[in-house]
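Chains as they are written, first to last, in the numbering used here: chain A, 76 to 316; chain B, 76 to 316; chain C, 76 to 316. Beta carbons are placed, not taken as given, at the ideal position from N, Cα and C, and that holds for glycine. The model shown is predicted, which means the values in this text are computed figures rather than measured ones.
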Amino acid sequence: MIALFTDFTLNGPYVGQMHAVLGQLAPGVCLVDLMHDAPRCDPRAAACLLARIVAPLPDDALVLAVVDPGVGDPGRRAVVLEADGRRFVGPDNGLLESVARTAKLSRWWQITWQPPQLSDSFHGRDLFAPVAAQLATGTPLEQLAHMIPAGHFADWPTELAEVIYVDAFGNLITGLDAGDIDVSARLVIAGNTVAGARTFSAVPEGELFWYHNSMGLVEIAQNRGNAALSLGCGIGTPVEL
Amino acid sequence: MIALFTDFTLNGPYVGQMHAVLGQLAPGVCLVDLMHDAPRCDPRAAACLLARIVAPLPDDALVLAVVDPGVGDPGRRAVVLEADGRRFVGPDNGLLESVARTAKLSRWWQITWQPPQLSDSFHGRDLFAPVAAQLATGTPLEQLAHMIPAGHFADWPTELAEVIYVDAFGNLITGLDAGDIDVSARLVIAGNTVAGARTFSAVPEGELFWYHNSMGLVEIAQNRGNAALSLGCGIGTPVEL
Amino acid sequence: MIALFTDFTLNGPYVGQMHAVLGQLAPGVCLVDLMHDAPRCDPRAAACLLARIVAPLPDDALVLAVVDPGVGDPGRRAVVLEADGRRFVGPDNGLLESVARTAKLSRWWQITWQPPQLSDSFHGRDLFAPVAAQLATGTPLEQLAHMIPAGHFADWPTELAEVIYVDAFGNLITGLDAGDIDVSARLVIAGNTVAGARTFSAVPEGELFWYHNSMGLVEIAQNRGNAALSLGCGIGTPVEL
């Protein structure tokens with residue numbers, strides 16, 4: 076299985092061309108579109124989401140993750156992260172940082188394989204997809220990359236006390252691990268104090284609340300409402316416990 | 076084949092996580108995304124659409140249908156509907172009612188299988204998808220569910236004389252079966268009387284008309300226009316014959 | 076592999092029903108959604124995109140392309156284009172014209188096969204998809220169609236000096252082949268003169284520029300901005316070299 080996580084959106088020719096390449100180079104391999112509206116040009120927020128969204132994948136799934144860090148940036152390297160046996164192909168811009176941190180064992184590789192043709196603006200199609208396809212069909216990693224030291228994002232917080240994604244319903248997903256936070260805790264966001272609840276139906280219509288979402292993160296929602304609109308919040312809005 | 080019908084939208088991590096679970100538990104089974112923008116939290120309208128959209132599926136397709144009836148609602152049961160041999164996995168909130176009614180033979184089962192981990196807010200991923208995957212790969216239904224009496228939505232009309240979906244072009248799909256309605260009939264919607272036509276090109280540009288759509292429902296459209304905007308209508312707007 | 080290119084959008088029941096038919100009639104064949112937001116009812120612009128987007132497909136891929144030319148138009152025929160061995164199934168409305176022109180060898184066929192049931196408004200599902208599925212599973216083309224002379228769009232320009240698509244980020248894809256245009260050339264669009272650059276990061280933030288995009292077309296973008304909004308442009312806006 077190759078699972079895709081990008082900020083390309085589902086509009087336009089981008090995801091389709093990725094699938095065309097993967098379908099040609101890795102025929103018969105199952106493709107899963109995890110998400111194509113990851114926070115755009117925001118690898119820090121996207122990293123938090125990525126680390127969570129991969130949970131239901133099989134252990135041998137290969138993850139192809141591309142969130143743009145500035146096309147043509149000379150500091151960008153193409154890497155493979157091995158995290159507890161699972162492989163992630165993507166840019167060296169911090170996107171894979173949360174996955175690496177939450178893994179017991181992680182190793183980094185720099186991709187050395189070069190495609191016959193590399194466009195300036197679509198490394199996802201020309202470089203990352205062919206590498207993912209080769210790995211998924213059995214090419215040894217050593218033939219495509221060489222091992223390198225861990226990434227350079229040691230100053231990034233492991234949790235993000237801010238909104239990292241707003242879903243289609245206006246629910247505000249934060250980068251806070253919900254695991255240790257009791258439902259009696261109160262959050263402050265955009266000047267509002269928000270109490271916790273276990274489910275939507277546990278609060279009156281129109282009420283804001285926070286809950287442990289299905290990815291294990293703190294999420295702020297409004298029963299039968301749109302929390303993002305009601306609070307005027309978006310990706311990056313700080314949250315305080 | 077497992078066919079998906081939900082109100083999750085294609086944005087965000089929701090459909091991707093469903094595919095991840097299905098790809099892991101039912102490898103090699105064809106997944107079809109029938110629709111992921113079913114009328115949200117509106118199982119009555121969604122039920123009409125579902126009964127129609129499944130027509131081109133093979134007889135042995137399994138349908139996984141989730142439209143939210145209020146997460147955490149204690150009255151919600153997870154069910155399997157067998158309708159003329161085809162199986163539908165979904166919530167017991169009326170979503171499967173139209174399918175059951177239009178079937179010659181229908182049987183209802185309550186799902187008794189429980190996942191090792193069940194989140195509060197994503198039963199689609201944690202409960203419905205694994206059940207669908209197990210059924211699609213040959214687990215006998217008896218091991219996952221026990222038979223129950225028919226559903227509780229006897230007061231729902233079989234046809235809905237209202238708009239049940241607005242497509243991306245502003246066409247208004249109603250819940251009225253077009254089969255028996257002659258093209259000379261006139262509809263009234265939002266104070267406008269609308270004549271019938273067989274095709275878009277049969278009416279002048281800008282003209283509103285109704286026609287037998289490709290799912291066998293009455294649909295109101297505007298040639299080269301957006302009927303929803305022109306009429307100020309949406310899901311739930313009543314239609315009179 | 077069957078690759079789909081349509082103007083249906085990913086909303087609603089349309090693409091899902093296409094997949095249902097293809098999954099039933101061509102089980103096991105890989106389906107690739109190249110793009111479902113091709114320029115709507117604009118086969119001239121869509122034709123330029125189609126000719127480019129198919130590049131990464133394997134040689135034996137079959138392309139199913141539907142962009143609406145006016146439902147019910149009596150002049151519309153269903154055709155198959157063979158272009159350098161690759162097959163395209165679609166309407167005879169110019170959509171396949173650019174592919175035919177850029178091929179060394181092209182042959183046209185009119186589809187004679189008729190489905191048992193043909194709706195007035197969804198030939199994609201009822202006619203084009205079953206033909207594509209039959210071809211992909213080995214039915215000889217001669218059983219479905221007969222050869223005809225080339226298409227009727229000889230007056231269409233091979234390149235389009237105008238915007239043919241606006242992506243989700245506001246980048247303006249034109250129908251101009253970038254191959255022969257030096258990066259020092261200047262474009263004029265909506266009264267603005269735009270210089271060329273190789274990558275986004277090569278220009279200051281907020282600056283408009285044009286570049287060779289990953290499909291080999293001239294594209295106008297704004298670094299960290301939305302060129303479509305800044306320029307007030309859309310599909311059809313003329314571009315001058």
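Burial state of residue i, where buried means 16 or more other Cβ atoms lie within 10 Å
i                 : result
Thr81 of chain C  : buried
Leu156 of chain C : buried
Asp257 of chain B : exposed
Gly311 of chain A : exposed
Glu294 of chain A : buried
Gly250 of chain B : buried
Gly87 of chain C  : buried
Leu193 of chain C : exposed
Gly56 of chain A  : Residue numbering for chain A in the displayed model covers 76 to 316; residue 56 of chain A lies beyond these limits and cannot be assessed.
Ala225 of chain C : exposed
CA nearest to the CA of residue i, picked from the options
i                 : options                                   : result
Ala140 of chain B : B:Trp285, B:Ala130, B:Gln218 and B:Pro118 : B:Pro118
Gly160 of chain C : C:Asp167, C:Val174, C:Arg151 and C:Asn168 : C:Val174
Thr268 of chain A : A:Ala260, A:Thr274 and A:Phe275           : A:Ala260
Val367 of chain A : A:Thr214, A:Phe203, A:Arg162 and A:Ser181 : Nothing in the structure corresponds to residue 367 of chain A, since chain A is present only between 76 and 316.
Asn246 of chain A : A:Ala225, A:Gly266, A:Leu137 and A:Leu292 : A:Leu292
Lys179 of chain A : A:Cys308, A:Phe228, A:Arg151 and A:Ala158 : A:Ala158
Asp255 of chain C : C:Val90, C:Leu316, C:Val138 and C:Glu282  : C:Leu316
Pro232 of chain C : C:Cys116, C:Glu172, C:Pro133 and C:Ala136 : C:Glu172
Ala78 of chain B  : C:Met76, C:Gln92 and C:Asn86              : C:Gln92
Val278 of chain A : A:Tyr89, A:Gln209, A:Leu170 and A:Gly300  : A:Gly300
Leu170 of chain C : C:Ser276, C:Arg200 and C:Val138           : C:Val138
Gln209 of chain A : A:Leu85, A:Gly98 and A:Met290             : A:Gly98
Val142 of chain C : C:Leu132, C:Asp135, C:Asp134 and C:Leu125 : C:Leu125
Thr84 of chain C  : C:Arg182, C:Ala113, C:Trp184 and C:Ser276 : C:Ala113
Val314 of chain B : B:Ala270, B:Pro131 and B:Ser181           : B:Ala270
Arg151 of chain C : B:Ser276, B:Trp285 and B:Gly281           : B:Ser276
Val96 of chain A  : C:Val164, C:Tyr286, C:Met76 and C:Ala265  : C:Met76
Distance between residue j and residue i (C-alpha atoms, nearest Å)
i                 : j                 : result
Ile223 of chain A : Val154 of chain A : 9 Å
Val263 of chain C : Ala303 of chain C : 14 Å
Leu306 of chain C : Ile239 of chain C : 15 Å
Gln218 of chain C : Thr187 of chain C : 8 Å
Thr177 of chain C : Val104 of chain A : 32 Å
Glu237 of chain A : Cys308 of chain A : 10 Å
Phe228 of chain A : Arg115 of chain C : 44 Å
Gln72 of chain B  : Val241 of chain B : Outside the modelled stretch of chain B, which goes from 76 to 316, sits residue 72 of chain B, for which no answer is possible.
Thr214 of chain C : Phe203 of chain C : 14 Å
Ala207 of chain B : Ala122 of chain B : 19 Å
Ala243 of chain A : Leu216 of chain C : 44 Å
Asp201 of chain C : Arg273 of chain A : 46 Å
Ala120 of chain A : Leu235 of chain A : 8 Å
Ala253 of chain A : Ala136 of chain A : 26 Å
Gln185 of chain B : Pro133 of chain C : 46 Å
Arg182 of chain A : Glu282 of chain A : 45 Å
Ala265 of chain B : Arg127 of chain B : 25 Å
Pro131 of chain B : Ile248 of chain B : 18 Å
Val90 of chain C  : Trp285 of chain B : 22 Å
Pro205 of chain A : Val164 of chain A : 10 Å
Met290 of chain C : Asp230 of chain B : 56 Å
Glu280 of chain C : Leu106 of chain B : 42 Å
Anticipated Cβ contact below 8 Å, residue i with residue j, distance rounded
i                 : j                 : result
Ala101 of chain C : Ala220 of chain C : Between Ala220 of chain C and Ala101 of chain C the Cβ distance is about 17 Å, and since that is not below 8 Å, they are no contact.
Asp108 of chain C : His94 of chain A  : 7 Å
Pro330 of chain B : Pro144 of chain B : In the structure as shown, chain B begins at 76 and stops at 316. Residue 330 of chain B is therefore absent and cannot be evaluated.
Ser196 of chain C : Asn288 of chain B : 6 Å
Residue i beta carbon near the ligand NAD (any heavy atom closer than 7 Å)
i                 : result
Glu294 of chain C : Looking for the ligand NAD in the displayed structure turns up nothing, as the structure carries no ligands at all.
Residue i at chain F interface by Cβ criterion, 8 Å
i                 : result
Ala101 of chain A : The chain inventory of the structure shown lacks chain F, comprising the protein chains A, B and C.
Going residue by residue through the region 183-223 of chain A, where are the continuous beta strand (DSSP E) segments of at least 3 residues, counting only ones entirely within it?
220-223
Along the chain, which unbroken stretches of the beta strand (DSSP E) at least 3 residues long are found entirely within the region 227-275 of chain B?
235-241, 247-252, 262-264 and 267-269
Can you check the region 91-141 of chain C for any alpha helix (DSSP H) of at least 4 residues that lies completely inside it and give the ranges in chain order?
118-128
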